[in-house]
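Novice: Handing you this structure, nothing more for now.
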Amino acid sequence: MKFHEATLDNGLTIVAELNPQAHSLAAGYFVRTGSRDETSGVSGVSHFLEHMAFKGNEKYSADDVNRIFDEIGARYNASTSEEVTLYYAAVLPEYIEQTIELLSTLIRPTLRQDDFDMEKKVILEEISMYEDQPGFSAYEKSMSAHFADHPLGQSILGSAASIGALTSEQMSQYHAEHYQAGNITLAVAGNADWDELRRLTDKYCAAWPAGKWNRPTTEAQPTGSTNYVTRESNQQQHMMQLSPAPAAADSLRFAAELLSVIVGDDSGSRLYWELVDPGLVEAAELGYNEYDGSGTYLTYLSCDPESAAENIERIAAIYDDVNKNGVTDVEVEQSRNKVASRVVLRSERPMGRLSSLGSNWVYRQEHQTVEDDLKILESLSAKSIRELLEAYPLGQMTTVGIGPLEAPAASA
Amino acid sequence: MQQQNIRTHQFDNGLTLVVESMGHVQSAAFSLMVPAGSIFDVAGKNGTASVLANLISRGAGDLNARELSSALDNLGLQRSEGPGLTHMSFSGATLAKNISAALPLYGDIVLRPHLPADEFEAAQAGVIQSLRALEDEPRQKIFLELRRRCYDAPWGLPTEGSLADVESLTADDVRAHFETAFRPDEAILGIAGNVDFDEIRDTVEQVFGDWKRKPKPEFATAPHGPSQDHIHHDSAQTQIGIAYEAVPYRSPDYYAGWAAVSVLSGGMSSRLFTEVREKKGLCYSIHASLSSLHDDARVLCYAGTTTERAQETLDTTMTELKRLGDGIEQEELTRCKARAKSSLVMQQESTMARAGSIARDWYHLGEIRTLNDVGQRIDALTVDAVLDYIHNHPARDFTILTIGPQPLELPQ
Numbered sequence: 006m007k008f009h010e011a012t013l014d015n016g017l018t019i020v021a022e023l024n025p026q027a028h029s030l031a032a033g034y035f036v037r038t039g040s041r042d043e044t045s046g047v048s049g050v051s052h053f054l055e056h057m058a059f060k061g062n063e064k065y066s067a068d069d070v071n072r073i074f075d076e077i078g079a080r081y082n083a084s085t086s087e088e089v090t091l092y093y094a095a096v097l098p099e100y101i102e103q104t105i106e107l108l109s110t111l112i113r114p115t116l117r118q119d120d121f122d123m124e125k126k127v128i129l130e131e132i133s134m135y136e137d138q139p140g141f142s143a144y145e146k147s148m149s150a151h152f153a154d155h156p157l158g159q160s161i162l163g164s165a166a167s168i169g170a171l172t173s174e175q176m177s178q179y180h181a182e183h184y185q186a187g188n189i190t191l192a193v194a195g196n197a198d199w200d201e202l203r204r205l206t207d208k209y210c211a212a213w214p215a216g217k218w219n220r221p222t223t224e225a226q227p228t229g230s231t232n233y234v235t236r237e238s239n240q241q242q243h244m245m246q247l248s249p250a251p252a253a254a255d256s257l258r259f260a261a262e263l264l265s266v267i268v269g270d271d272s273g274s275r276l277y278w279e280l281v282d283p284g285l286v287e288a289a290e291l292g293y294n295e296y297d298g299s300g301t302y303l304t305y306l307s308c309d310p311e312s313a314a315e316n317i318e319r320i321a322a323i324y325d326d327v328n329k330n331g332v333t334d335v336e337v338e339q340s341r342n343k344v345a346s347r348v349v350l351r352s353e354r355p356m357g358r359l360s361s362l363g364s365n366w367v368y369r370q371e372h373q374t375v376e377d378d379l380k381i382l383e384s385l386s387a388k389s390i391r392e393l394l395e396a397y398p399l400g401q402m403t404t405v406g407i408g409p410l411e412a413p414a415a416s417a
Numbered sequence: 024m025q026q027q028n029i030r031t032h033q034f035d036n037g038l039t040l041v042v043e044s045m046g047h048v049q050s051a052a053f054s055l056m057v058p059a060g061s062i063f064d065v066a067g068k069n070g071t072a073s074v075l076a077n078l079i080s081r082g083a084g085d086l087n088a089r090e091l092s093s094a095l096d097n098l099g100l101q102r103s104e105g106p107g108l109t110h111m112s113f114s115g116a117t118l119a120k121n122i123s124a125a126l127p128l129y130g131d132i133v134l135r136p137h138l139p140a141d142e143f144e145a146a147q148a149g150v151i152q153s154l155r156a157l158e159d160e161p162r163q164k165i166f167l168e169l170r171r172r173c174y175d176a177p178w179g180l181p182t183e184g185s186l187a188d189v190e191s192l193t194a195d196d197v198r199a200h201f202e203t204a205f206r207p208d209e210a211i212l213g214i215a216g217n218v219d220f221d222e223i224r225d226t227v228e229q230v231f232g233d234w235k236r237k238p239k240p241e242f243a244t245a246p247h248g249p250s251q252d253h254i255h256h257d258s259a260q261t262q263i264g265i266a267y268e269a270v271p272y273r274s275p276d277y278y279a280g281w282a283a284v285s286v287l288s289g290g291m292s293s294r295l296f297t298e299v300r301e302k303k304g305l306c307y308s309i310h311a312s313l314s315s316l317h318d319d320a321r322v323l324c325y326a327g328t329t330t331e332r333a334q335e336t337l338d339t340t341m342t343e344l345k346r347l348g349d350g351i352e353q354e355e356l357t358r359c360k361a362r363a364k365s366s367l368v369m370q371q372e373s374t375m376a377r378a379g380s381i382a383r384d385w386y387h388l389g390e391i392r393t394l395n396d397v398g399q400r401i402d403a404l405t406v407d408a409v410l411d412y413i414h415n416h417p418a419r420d421f422t423i424l425t426i427g428p429q430p431l432e433l434p435q
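Taken in sequence, the protein lines are chains A and B. Position one of the first sequence corresponds to residue 6 (the numbering used here), numbered consecutively onward. Position one of the second sequence corresponds to residue 24 (the numbering used here), numbered consecutively onward.
Take a look at the structure:
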C-alpha cells in the first residue's frame, strides 16, 4: 500500500492509496459543495447538477456516458450531501484511462436545455419518492428544524417549488462558482500506477479553471424545537432527534463515533437492549454525523404511535445515565472490537477505502491508513468518552415526529 | 481471473461444508443455511420462522442472551440472521483468525438455543413492529405482495411473515418449528477467506458432528393470489410491480435468461432506464431482475412514479418488455458481458460475497461453479442464443400489482 499526493497548478488535488495486488480500482471526484453552499433562490441545485453531470459534454452525449461506463463494466454513480458531491466508479485496472476521462467529463457538463428540462422531471419524481419514505422525511425535517437559519439546515433535494423555478442559467452560474479546481479532490484507491494517473490528470484536468469557493464554517448554535407532521394513514411513528456533537476537524470525533456504537448500534448497544430486544420498537439507533464546523448526534426511533412518548422517555433516561456515569471499560472494549473488524473488512475492497480516503482529505487534508485508524481506536478509553461527554453530552434537543401522532400539548 | 481453491466435504449427518481459501485477504466469512425457512411455516402460521429467527440468539449453550451477544461482538463478528424461503440463514464476517472461535458459538445457537418462553412475546412483538413498518414503506411492500401473486404458497408467502398470522402465534408453534425443521440433512455451511480447509473441517466436525438427522417436514401448497391487483395507499407515488416467468439458476438456459434481463435492466445504458427514465423522465427508480427459486423463477420488474404519470410509466414499461423479442443489438450483449466480468472479478474482493455465493451454488446446483466457469458460460453467449431464449420464454402472462392512491388500466 503506497500513498501519493499531488496538486495541479489549477488547485485540483489528487490523493491515491495504491496497491498493485488489488483486483480493481476505485476513483472518485469529491467536490466540496452541497446544499449548505446554496443560496435560497437555488435550493436543490447541487443535487440537480449532480444528475445533469451524467448528461455529458460537447464530446459525449448522455447516452454515450452511460454506454461507455457500461462497456467497461464500471460500477458507477454519484451522491450529494449537505457538504460534498461525489462522482465515483469502481472498475478493472485496465480501464483506468476511460474511467478518468469519463469521470472528468461529469465534472464539466454542457447543461443542454432539453436535457435540463427532462431531468427536472426525474428530480421531481425523486422528491416524491422520498416524501413517501417516513424515515427520510423525518431526517430532512429534523435537519431543517435543528439548524434553522444555519446553512446546514438547507434541504439537499430542494422542494417541488424550488426545483420547478430553477433555470439552467442559475445552474451554470452555480457550477462556475463551485466546480473550480481548487474545490475538487480526486481520490483513487486500489490497483493503479501513480505515473499513469498523473499523466491522465494532466491530460483531462489541467485546463479546468483555477479557484476555490470559500465556505463559512461557523459552528451552529441550535436552540431546539419540537415539530410533528401528522400522517394518519401511517402505521408506525417515526421520530428523529438531533443534538450538537463534535465537528469534523475536532479530535473528539473518534470518541463520538465509538460512543454512538456503544449507545446506539443496531445490535448489542444500550438502546438495543433497552428498546429493540424487548420488542418495544422496530428501531432505536444513535448515530454521529460530522460536518465542517458542526456535528450532530442523531437519534432515530420507529415504534407503535401509542408507545412513542414512553420510548422517548426511555431513551432520555439512557442518555441521562450515560451523561452522568459514562460508559464501562467492557463496553468500550467490545465496541472497539466491533469497529476494528468493520474497518478491516471495509478496507479489503478499493471501493471501501475510497470514501475514507476522500473524506479525510476533503475535511482534514490528511491521509489515514487502516493501521492509523486502528491505532486511534486502540487508544480510546472510558476516559476519552468522559471527556467527550463533558463537551458534548448526549441529548434530544430537536425533535421531529412523522406518523399518526399529533404534537403533544405544550406543558404549562 | 485467479484460480480458486474450493473444497467441499459432506459429514455423515448430511451437513455439507464448502470452503474457498483466499490467501490475499485478512478476513473470513461464513454463510450457514439451515433448511428451516418460511416454506415450513404451518399453513395459517406464516411468520413462525421469522419469530424463531428473532428468538434463536436469545441465549444458547452455556451463555445467556447478553453473554452470547458480547462473545460475538468481541470476535468482531459482523453478523445477520434471518429466515429465507427454504433455509434460515446465519452469516457473519470477521478477521480470519477469529473464525474458529465463532463457529462453536453458532453450534450452540443452532443445536442448543434456549428459546426462552418468557422472551417469546418480545420476539413476536419485534416481528410485528417490523411488519407494521413495512406497511409504511410501499417500495418494499410491493415486492412482498407481488411475490404472493406470482408464486404459489408457500413459495410466495413473505419470509417476514403475515401480520395476522404472527399475532396468533404461540411459543409452542415456534419451538415446534425448531424441533422439526432444524436438521443437518440439507444444511450447508459456506466459508470463504484466509482459512485452511483441513483445520476448518476438523472444527466443523467437532461443532456440528453430533447434529442428528431428522425426516424432512411436509409443507402444504396453495394457489397464488390474483394476477392483476391494486392495493390502496395514500402516497405521492404509485408503485408498479410486474412479474413473468423465467428459468431457475440450475437451468442450462439460465445465463441466456440472465442476459435477457440485463439488456432490459443491467446498467444505466439498459433499455428500461434509457426509455422510461432518460427519454421520458417518468420515474427516478426503475429496474428488473431475475429471481430464482430452486425449481422456478420470475423476472421481477419495478417502477415508482407519481400517480398522474403512472399509467404512461406502466404502458412504456410493458412495451419494452414485449419488444425484447423483436431483436437485440450485439453491443447490448457485449455491455452485459463486460459488466458480468467486472462483477465476477470484484467478487474476489469480498469474503462475504464469496461465502454466500458458494453456499447458494451448493443449494441450487449440488456443486460449485467457479468464477472462471461462470465467465466462460457468459462469454459463450451469442445474440442468437439470447433471442432463442426470449422466444422460448417470452414476456407474457404477466402478474401486475400496483400500490398507490388509484388503480391503473391494466393490459388485457
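Backbone N, C-alpha and C define an ideal beta-carbon position, used for all residues, glycine too. Owing to the predicted nature of the structure, the values given are computational and were not obtained by experimental measurement.
Helix, strand or coil for Ala-116(B) per DSSP?
Specialist: In the structure shown, Ala-116(B) sits in a strand (DSSP, three-state: E or B).
Novice: Which value, in whole angstroms, describes the spacing of the CA atoms of Leu-100(B) and Ala-94(B)?
Specialist: 9 angstroms
Novice: Quick check on Gly-130(B): buried or exposed, where buried means 16 or more other Cβ atoms within 10 Å of its Cβ?
Specialist: Per the 10 Å Cβ criterion, buried.
Novice: Sort out for me which residues DSSP pairs Lys-7(A) with in a bridge.
Specialist: Note: Lys-7(A) sits in a beta bridge opposite Leu-23(A).
Novice: Note down, in chain order, all residues in the stretch 113 to 127 of chain B with a beta-carbon under 9 angstroms from any beta-carbon belonging to chain A.
Specialist: Ala-116, Thr-117, Leu-118, Asn-121
Novice: Throw me the rounded Cβ distance for the Ala-94(A) and Arg-80(A) pair, which I believe falls under 8 angstroms.
Specialist: 7 angstroms
Novice: For Pro-275(B), count the other beta carbons within 10 Å of its own beta carbon; 16 or more makes it buried, fewer makes it exposed. Which is it?
Specialist: exposed
Novice: Among Asn-196(A), Gln-240(A), Ala-260(A), Arg-275(A), which one has its Cα closest to the Cα of Ala-31(A)?
Specialist: Asn-196(A)
Novice: Kindly indicate if chain B contains any beta-carbon less than 9 angstroms away from that of Asn-71(A).
Specialist: Taking Cβ atoms only, chain B reaches closer than 9 angstroms to Asn-71(A), which makes this a yes.
Novice: Report the option in Asn-62(A), Gly-78(A), Thr-231(A) whose CA atom is closest to the CA atom of Ser-292(B).
Specialist: The residue among Asn-62(A), Gly-78(A), Thr-231(A) with its C-alpha nearest the C-alpha of Ser-292(B) is Gly-78(A).
Novice: Do Asn-365(A) and Trp-213(A) count as a contact pair if the criterion is CB distance below 9 angstroms?
Specialist: With respect to Asn-365(A), Trp-213(A) sits apart: the two C-beta atoms are not nearer than 9 angstroms.
Novice: With Pro-127(B) as the anchor, note down where its alpha helix (DSSP H) starts and where it stops.
Specialist: 122 to 134
Novice: Quick check: the stretch 88 to 106 of chain A against the stretch 135 to 154 of chain A, are at least 3 beta-carbon pairs closer than 8 angstroms?
Specialist: The answer is no - the stretch 88 to 106 of chain A does not touch the stretch 135 to 154 of chain A, with fewer than three Cβ pairs under 8 angstroms.
Novice: Smallest Cα separation from Ile-413(B): which of Lys-345(B), Gln-399(B), Leu-388(B), Ala-259(B)?
Specialist: Lys-345(B)
Novice: How far does the beta strand (DSSP E) with Val-42(B) in it extend, from its first residue to its last?
Specialist: 39 to 44
Novice: Would you report the Cα separation of Met-56(B) and Ala-245(B), rounded to the nearest angstrom?
Specialist: 25 angstroms
Novice: For Ile-105(A), which of Ala-67(A), Leu-202(A), Ala-83(A) has the nearest alpha-carbon?
Specialist: Residue Leu-202(A) is the option with its Cα nearest to Ile-105(A).
Novice: Using a Cβ cut-off of 9 angstroms (strictly closer), state whether Asp-75(A) contacts chain B.
Specialist: Output row for Asp-75(A): interface = yes.
Novice: Beta strand (DSSP E) containing His-310(B): first to last residue?
Specialist: Segment 308 to 315, the beta strand (DSSP E) holding His-310(B).
Novice: How would you list, in chain order, the residues of chain A whose beta-carbon sits under 8 angstroms from the beta-carbon of Arg-155(B)?
Specialist: Gln-240, Gln-241, Glu-287, Asp-309
Novice: Say whether the stretch 177 to 192 of chain A touches the stretch 214 to 223 of chain A, bearing in mind that this needs 3 or more beta-carbon pairs closer than 8 angstroms, one atom from each stretch.
Specialist: yes
Novice: With a threshold of 16 other CB atoms inside 10 Å of the CB of Asn-69(B), please say whether the residue is buried or exposed.
Specialist: With 16 or more other Cβ atoms within 10 Å, it is buried.
Novice: Whose Cβ in chain B lies nearer than 7 angstroms to the Cβ of Met-134(A)?
Specialist: Gln-260, Tyr-307, Ser-308, Gly-327
Novice: For Pro-227(A) and Phe-152(A), which I take to be in contact (beta-carbon distance under 8 angstroms), what is that distance rounded to the nearest angstrom?
Specialist: 6 angstroms
Novice: So the candidates are Gly-37(B), Ser-44(B), Glu-432(B), Val-218(B); which of them puts its Cα closest to the Cα of Gln-27(B)?
Specialist: Ser-44(B)
Novice: Would you check if the distance between the CB atom of Val-41(B) and the CB atom of Gly-213(B) is smaller than 9 angstroms?
Specialist: yes
Novice: Let me check understanding here. Comparing Cα to Cα, which of Val-375(A), Gly-400(A), Gly-229(A), Ala-211(A) lies closest to Met-6(A)?
Specialist: Val-375(A)
Novice: Do you know offhand how far Leu-38(B)'s Cα is from Glu-353(A)'s?
Specialist: 30 angstroms
Novice: Taking all protein chains shown into account, decide if Phe-8(A) is buried (16 or more other Cβ within 10 angstroms of its Cβ) or exposed.
Specialist: The residue in question, Phe-8(A), is exposed, as its Cβ has fewer than 16 Cβ neighbours within 10 Å.
Novice: Give the DSSP-derived three-state secondary structure of Leu-162(A) in the structure shown.
Specialist: coil
Novice: To the nearest angstrom, how far is it from the Cα of Ser-416(A) to the Cα of Ala-321(A)?
Specialist: Below a pLDDT of 50, predicted positions are generally treated as unreliable, and Ser-416(A), at 43, falls in that range; no measurement from the model is reported.
Novice: Using alpha carbons as the reference points, say which of Ser-389(A), Pro-355(A), Thr-404(A), Leu-394(A) lies closest to Ala-21(A).
Specialist: Pro-355(A)
Novice: Please classify Arg-117(A): does DSSP put it in a helix, a strand, or coil?
Specialist: coil
Novice: Counting C-beta neighbours from all protein chains within 10 Å, is the total for Val-335(A) 16 or more, i.e. buried, or is it exposed?
Specialist: exposed
Novice: Specify the secondary structure class of Ser-50(B) as computed by DSSP and reduced to three states.
Specialist: strand
Novice: From the DSSP output, in three-state form, read off Leu-306(A) for me.
Specialist: strand
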